[in-house]
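First the structure, in the form of structure tokens, and then the observations on it.
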Amino acid sequence: MSRMITYAEALNEALREEMRRDENVIVFGEDVAVIGGAYRVTKGLLEEFGSRRVLDTPISEAAIVGMAVGAALIGLRPVAEIMYLDFLTLGMDQLVTHAAKARFMSGGQVKLPLVVRTQYSLGRVHASQHSQFLAPWFLNVPGLKVVLPSTPYDAKGLLKSSIRDDDPVLFIESGVLYSTKGQVPADEYLVPLGRADVKKTGDDVTIVAVSRTVIEALKAAEKLMEEGINAEVIDPRTINPMDWDTILNSVRKTNRLVVVDDGHKTGSISAEIAAKVVEEAFDSLEGPIIRVNSPDIPVPSSQPLEKTFMVSAEKIVEAVLKII
Amino acid sequence: MSRMITYAEALNEALREEMRRDENVIVFGEDVAVIGGAYRVTKGLLEEFGSRRVLDTPISEAAIVGMAVGAALIGLRPVAEIMYLDFLTLGMDQLVTHAAKARFMSGGQVKLPLVVRTQYSLGRVHASQHSQFLAPWFLNVPGLKVVLPSTPYDAKGLLKSSIRDDDPVLFIESGVLYSTKGQVPADEYLVPLGRADVKKTGDDVTIVAVSRTVIEALKAAEKLMEEGINAEVIDPRTINPMDWDTILNSVRKTNRLVVVDDGHKTGSISAEIAAKVVEEAFDSLEGPIIRVNSPDIPVPSSQPLEKTFMVSAEKIVEAVLKII
Amino acid sequence: MSDVIVVGETSVDEYCDVGLTPREMVDMLKQMLEIRRFEERVERLFLVEGELIGPCHLYLGQEAIAVGVIKALTNEDIVVSTYRGHGHALARGVSMEMLMGELYGREIGTCKGLGGSMHSAMYVKKNILMATAIVGSGIPIAAGIALGLKYKNSDNIVTCFFGDGAATTGAFHEGINMAAVLKLPVLYVCENNQYAYSLPFSKSFAAGNVAEFASGYGLRSYFVYGNDVISVYRASREAVEEVRKHKSPVFIECRTYRQKGHGVYDRALYRPKEEVDEWLRNDPVMKFSRRLVELGVLTEEELKNIDEDVKEKVEKAVEIARKAKVLEFGELFKYLYSSR
Amino acid sequence: MSDVIVVGETSVDEYCDVGLTPREMVDMLKQMLEIRRFEERVERLFLVEGELIGPCHLYLGQEAIAVGVIKALTNEDIVVSTYRGHGHALARGVSMEMLMGELYGREIGTCKGLGGSMHSAMYVKKNILMATAIVGSGIPIAAGIALGLKYKNSDNIVTCFFGDGAATTGAFHEGINMAAVLKLPVLYVCENNQYAYSLPFSKSFAAGNVAEFASGYGLRSYFVYGNDVISVYRASREAVEEVRKHKSPVFIECRTYRQKGHGVYDRALYRPKEEVDEWLRNDPVMKFSRRLVELGVLTEEELKNIDEDVKEKVEKAVEIARKAKVLEFGELFKYLYSSR
Ligand SMILES: Cc1ncc(C[n+]2csc(CCOP(=O)(O)OP(=O)(O)O)c2C)c(N)n1
Ligand SMILES: Cc1ncc(C[n+]2csc(CCOP(=O)(O)OP(=O)(O)O)c2C)c(N)n1
Ligand SMILES: [Mg+2]
Ligand SMILES: [Mg+2]
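Residue numbers (my numbering), protein chains in the order written: chain G, 9 to 332; chain L, 9 to 332; chain C, 41 to 380; chain F, 41 to 380.
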């Protein structure tokens, strides 16, 4: 049995199920309790689980992440919400210098089963300070796990796995995907961390895409099909750790790679994927690896400009055609 | 006329000269005035320029960077010191979401001629929380310029250019290099931002290395010479904007590339360089691009473990031999 | 509140002692009306016409603060604003077309359409040097501006607006402590509208009020009834003088109320109806216009005329903004760096 | 300091009323001596033998605080420590070999040599769950631990140590406000040694003292003479009871003095000689040992014997640490993740 539900609803179900399953799971952050989150992902949790387990906090991002670190150290499984990925710049010390390192630097004495949930708002006319896709930074933070779901199915299954995971997980949602719908089983399931998903198989070219751009990549693959090009579309889902096997095997099969994500091109997730592939599968490559990204400028507010700014199916098609 | 002086002394001279030259240059940060900085880079500035221009601040990294933003907005040229690169995690909002974006998001109304000086301490037994090489993050922040000098000569010339630059500059020094000596002209000179330096010419392989690892790369090149391999060593010096021409031209000549920096491998500066080269100069490449980096774990404190952890000339030699 | 100067509502009898001419008071009312009608129109453009989209935070109910504080400043004094900044901009005299143009994402906008509503108040020609959308972040930036002003021996000061929610950010603490320790000429104005998005002030801040807490930094601190423009002006004038003279920070908390939701789409059902009603009865625009009529400074007729003029002006701004063009995408790259 | 409970030096006459047995007091002195001799030895290992390297922050002069506060806790109460943590660890009963082993970077160290001096106090078996080297960052982490304790209806509390410099960080403000608003059982202990590296307290913090400022969050707050272990203990016992009973944060500022430089290599020439001398005359270890002798709880002879024993213990720890082995590099990867 499965139903069509939205990405936001899928996340909400994941939280509910894990909170029912494990008393140690608690949720806190700005506006998560009484109104159920700025984007309603935590809707109804206060009503079901009460104010002991679902807490509205002041506007104190560093303390929110820090509190998650402390709660995890004492054995809870906190799920902290940071309303926008941009605001995580205020919690970087706690996330990067504490959550990701406490286990290692103590010689393995502690574990930190915490989740920081957040979302990036590129595509919603939010301007430079509310549209940053900062995910690539966290590739470079060993000790963290980083998850970016692209479908309601993945969103639910990955969030459940993240909550059960014993390590700190940064869970980055896509704001524009909240309202997108997809099939989600009524029965419980998990999607494991660290495993990519082949969203579409193909032989001619591999397209690796992350989060929102997976949807664009799939549209691009459809258009390419019309031109007789059969693209394989891979969604890593977890970027740290990355499922290199799936990506490398695909490139070894297709011999061509286009990498796509919503970040600025320079220093992007796509850069890491390209670098790894050229390092490990150079001999399989029959052409350059093309990256499709946002340009290296902040995000403009004006809607038509933002649209031009963003990765689209058209840009992906164009990139594929360059190397085929 | 030139003298042998240390990297720290060279930086100190740069600050002095620019402060003499331009009344708008002021310096502030933790412990920069009375003791002249934790690593004495600002030594003597208080005595020469007085407490109006050289200010000790409380331990408030966000406010230090924020104050630099404000001071720049009103026409000063602040040089703010963040004692360790690790502590910049506390000032990310101000640096990334304000300094780097204010000009763009206001439609070009303002300019922000500020410098944030900091240093990374990998190699000094400082453990996980004081040894992070976070430079790769800033590749992905358009609007910032990012400078990492490897020699006393570059340190001085680049810091002077950074202070004169009208845009926000993140100036990342290497703690272990402070005491290294090099020739520095007695007469005034500048090193322009955005221009790489070919530290050694060669035909067989290109080694691009950043900051401290430039020294290791040069040692590696010497050893390789003994084996008849003539490596070209390039120091980008500014990683944002990167001098792609110099790097690409070198690879087009040598057809082989090893990239080196002090960061964790995944998501490193080296990743971006590899990705760009494979995108732009694929046909010139005769083998995979190898990255030489720190492993993907936090930095251990114990000295022998830290040593094993770090990039070394030996590891660079090994990498070159793999692709030659 | 031992360490705090409390400024309650100003009675009509006291109006004459304030030192404002009737003309000035009418101008202040006109500014308040401009903000009121502008924001009402913007709300409709979002919710009824659906012509505007994205985040937008209305200033409705807080008009007395922007107008009262800014009246106490010179044009050369610097202002640091926020995402809830339309009111600050209009009180500073930013043109309605440009402000509306920014909301429409047009090239004629204050930020050429690159900032949108949340940054629309950033307009350097009117000395508004920042409009940040990150809660609290303007506070250290204002300290830096003040450092620059002091360094240059300027007589100007900087005024930094923020909300009650900002009082719980690290930036608030670091910024105000920095300004206090370094003795920087900043006027900090906390517009306490009693909500940070859905969070009521009592659940947000451990202290009973922000003014008293701020006095803990050794600052002179005011607690002001923020729905009375004359009270806000009186306190601000005194505070501004203090900042200018002593080159040290001063703090003002204005108690007010957010008449609408946090953002334009928020219906704010989390607030008790009686509370909302109580504050609506104390609407700052109504209050001030009634007083001016009472005082004989203005007739009902004149008031109506002013209001009609303002509405027309707003409508014209909409027309102009609607028709204006969007920047070419290629132009954007020009705004990244000043130098290359 | 109207809102603050001041606890000055305790006179010998009052010792009998404190509720500590002579045995307990001698044990406290022994702990203080352990810290003293350990730190003195460490200093020599850095500066004379040159056997240790890297950053290291000595606890010399602050011994009364760690010992006095921790004596007021149960072993199950949680402690959050800092880079200046050797004293906290020893007062909690962490073995000297393990602590010294950590400084030597050996596998027998509290953190297997991965943490070094700055994190050496992090030892979970003694319920020290964090030793952070980022100033102020322990404050919100302690709030989170307290949230967990409260959630589990535990009777335990968490005690969080930090310095005067931490009081100017954003984390201090956000963390304490959070703990106050959510009513979390944390005892915040500010060890005000009057310097943050080279910065004297008066140039760091806008308020005259941290205790009074903290009372602005609505907390009960103590201002304690920190060089008297009995005063620290008395205040802490009361504060701990309060936290345990009301499940709300309480604040203690202990005034003390950093007898040495900020780090072991810092000669701290920036401090006035008279100030240093004055505080050295009030050395907490000398003070307490003199009192115990005065009180007849201890003879000079016994004191000397205890001291000799402690020194021997320190020397043994050095021997063991020196000879211990370093972890294999390959092992490090095991400590990255708990699960894969
Ligand atoms: C650091 C940060 N956290 C969260 C947000 C999201 N947010 C925007 S405004 C707001 C409420 C701010 O309340 P307050 O400071 O009282 O100002 P008001 O909106 O009431 O004017 C929140 C939570 C943000 N923009 N920045
Ligand atoms: C956020 C941060 N900024 C700066 C430093 C560098 N630093 C380490 S300790 C210290 C002084 C801290 O003073 P205080 O809090 O009074 O503690 P004390 O060292 O006196 O025990 C500084 C500046 C740091 N570790 N973390
Ligand atoms: Mg508010
Ligand atoms: Mg101190």
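Here a beta-carbon is modelled for each residue, glycine too, at the ideal position from N, C-alpha and C.
Since the model is a prediction, treat every value here as computed from it, not as a measurement.
Rounded Cβ spacing between residue i and residue j (contact assumed at less than 8 Å)
| i | j | result |
| --- | --- | --- |
| LEU154 (chain F) | PHE112 (chain G) | 6 Å |
| TYR265 (chain C) | ARG307 (chain C) | Actually they do not touch by this definition, with Cβ atoms about 27 Å apart. |
| ASP243 (chain L) | ALA204 (chain L) | 6 Å |
| MET72 (chain C) | VAL269 (chain C) | 7 Å |
| ALA220 (chain F) | PRO289 (chain F) | 6 Å |
| ALA16 (chain L) | SER187 (chain L) | 7 Å |
| PRO144 (chain G) | GLY202 (chain G) | About 18 Å; that fails the 8 Å criterion. |
| ARG245 (chain L) | ASP162 (chain L) | 6 Å |
Three-state secondary structure (DSSP) of residue i
| i | result |
| --- | --- |
| GLY155 (chain C) | coil |
| ALA46 (chain G) | coil |
| MET12 (chain L) | strand |
| PRO310 (chain C) | Reading the sequence as shown, one finds Tyr at residue 310 (chain C) and not Pro. Here TYR310 (chain C) sits in coil by DSSP. |
| ALA194 (chain L) | coil |
| CYS294 (chain F) | strand |
| PHE141 (chain G) | coil |
| THR262 (chain L) | helix |
Of the listed residues the options, nearest to residue i (C-alpha basis)
| i | options | result |
| --- | --- | --- |
| ALA246 (chain F) | C:PHE241, C:ASN249, C:SER238, C:SER255 | C:SER255 |
| LYS261 (chain L) | L:THR214, L:ILE305, L:ALA229, L:VAL124 | L:THR214 |
| LEU265 (chain G) | G:THR246, G:LEU329, G:SER309 | G:LEU329 |
| ALA364 (chain F) | F:VAL109, F:MET140, F:GLY248 | F:MET140 |
| GLY275 (chain L) | G:LYS273, G:ALA279, G:LEU156 | G:ALA279 |
| VAL46 (chain F) | F:LYS374, F:LYS300, F:SER271, F:ILE360 | F:SER271 |
| GLU49 (chain F) | F:ASP347, F:ASN322, F:LYS351, F:GLU348 | F:ASN322 |
| LEU156 (chain G) | G:GLY45, G:GLY183, G:VAL73 | G:GLY183 |
| GLU371 (chain F) | L:VAL49, L:SER170, L:PHE317, L:GLN137 | L:PHE317 |
| ARG299 (chain L) | G:ASP304, G:VAL285, G:ARG299 | G:VAL285 |
Check: residue i C-beta below 7 Å from any heavy atom of ligand 6
| i | result |
| --- | --- |
| ASP195 (chain F) | This structure lacks ligand 6; its bound ligands are ligand 1, ligand 2, ligand 3 and ligand 4. |
beta-carbon residue i near ligand 2 non-hydrogen atom, thresh 7 Å
| i | result |
| --- | --- |
| THR65 (chain G) | no |
| TYR237 (chain F) | yes |
| ASP253 (chain L) | no |
| ARG298 (chain F) | yes |
| LEU98 (chain L) | yes |
Heavy atom of ligand 3 within 7 Å of residue i beta-carbon
| i | result |
| --- | --- |
| ASN233 (chain C) | yes |
| ARG125 (chain G) | no |
heavy atom of ligand 4 below 7 Å from residue i C-beta
| i | result |
| --- | --- |
| ASP204 (chain F) | yes |
Residue i Cβ short of 7 Å to ligand 1 heavy atom set
| i | result |
| --- | --- |
| MET91 (chain G) | yes |
| PHE212 (chain F) | no |
| ARG124 (chain C) | yes |
| HIS302 (chain C) | yes |
Neighbour flag for residue i against chain A, beta carbons, 8 Å
| i | result |
| --- | --- |
| GLY151 (chain G) | Considering every chain present, this structure includes no chain A. Its protein chains are G, L, C and F. |
Practice problem: Compile a chain-ordered list of the residues in the region 234 to 247 of chain C whose CB is closer than 8 Å to at least one CB of chain F. | Solution: Interface annotation for the region 234 to 247 of chain C against chain F: LYS243, SER244, PHE245, ALA246, ALA247, criterion Cβ-Cβ distance under 8 Å.
Quiz item: Mind listing which residues of the region 138 to 160 of chain C have their C-beta closer than 8 Å to chain L's C-betas, in chain order?
Solution: The region 138 to 160 of chain C vs chain L, Cβ under 8 Å: GLY149, THR150, CYS151, LYS152, GLY153, LEU154, GLY155, HIS159.
Practice problem: Scan the region 289 to 307 of chain L for residues whose Cβ lies nearer than 7 Å to a Cβ of chain G and list them as they occur along the chain. | Solution: PHE290, GLY295, PRO296, ILE297, ILE298, ARG299, ASP304, ILE305, PRO306: these are the residues of the region 289 to 307 of chain L whose beta carbon lies less than 7 Å from some beta carbon of chain G, given in chain order.
Quiz item: For the region 33 to 60 of chain L, which residues have a CB atom closer than 8 Å to at least one CB atom of chain F, in sequence order?
Solution: Taking 8 Å as the Cβ-Cβ cut-off against chain F, the residues of the region 33 to 60 of chain L that qualify are GLU38, ASP39, VAL42, ILE43, ALA46.
Exercise. Note down, in chain order, all residues in the region 66 to 94 of chain L with a beta-carbon under 7 Å from any beta-carbon belonging to chain C.
Key: Hits within the stretch, in order: PRO66, SER68, ALA70, ALA71, GLY74, MET75, ALA76, VAL77, GLY78, ALA79, LEU81, ILE82, GLY83, LEU84.
Quiz item: Which residues, in order along the region 178 to 192 of chain F, keep a beta-carbon less than 8 Å from a beta-carbon of chain G?
Solution: Answer set for the region 178 to 192 of chain F: ILE179, PRO180, ILE181, ALA182, ALA183, GLY184, ILE185, ALA186, LEU187, GLY188, LEU189, TYR191, LYS192.
Quiz prompt | Where the region 104 to 117 of chain G meets chain F: residues whose CB sits under 8 Å from a CB there | solution = Cβ proximity to chain F below 8 Å picks out THR105, HIS106, ALA110, ARG111, PHE112, MET113, SER114, GLY115, GLY116, GLN117 from the region 104 to 117 of chain G.
Quiz prompt | Proximal residues, the region 122 to 135 of chain L versus chain F, C-beta separation under 8 Å | solution = Taken in chain order, the members of the region 122 to 135 of chain L whose beta-carbon sits within less than 8 Å of a beta-carbon on chain F are ARG132, VAL133, HIS134, ALA135.
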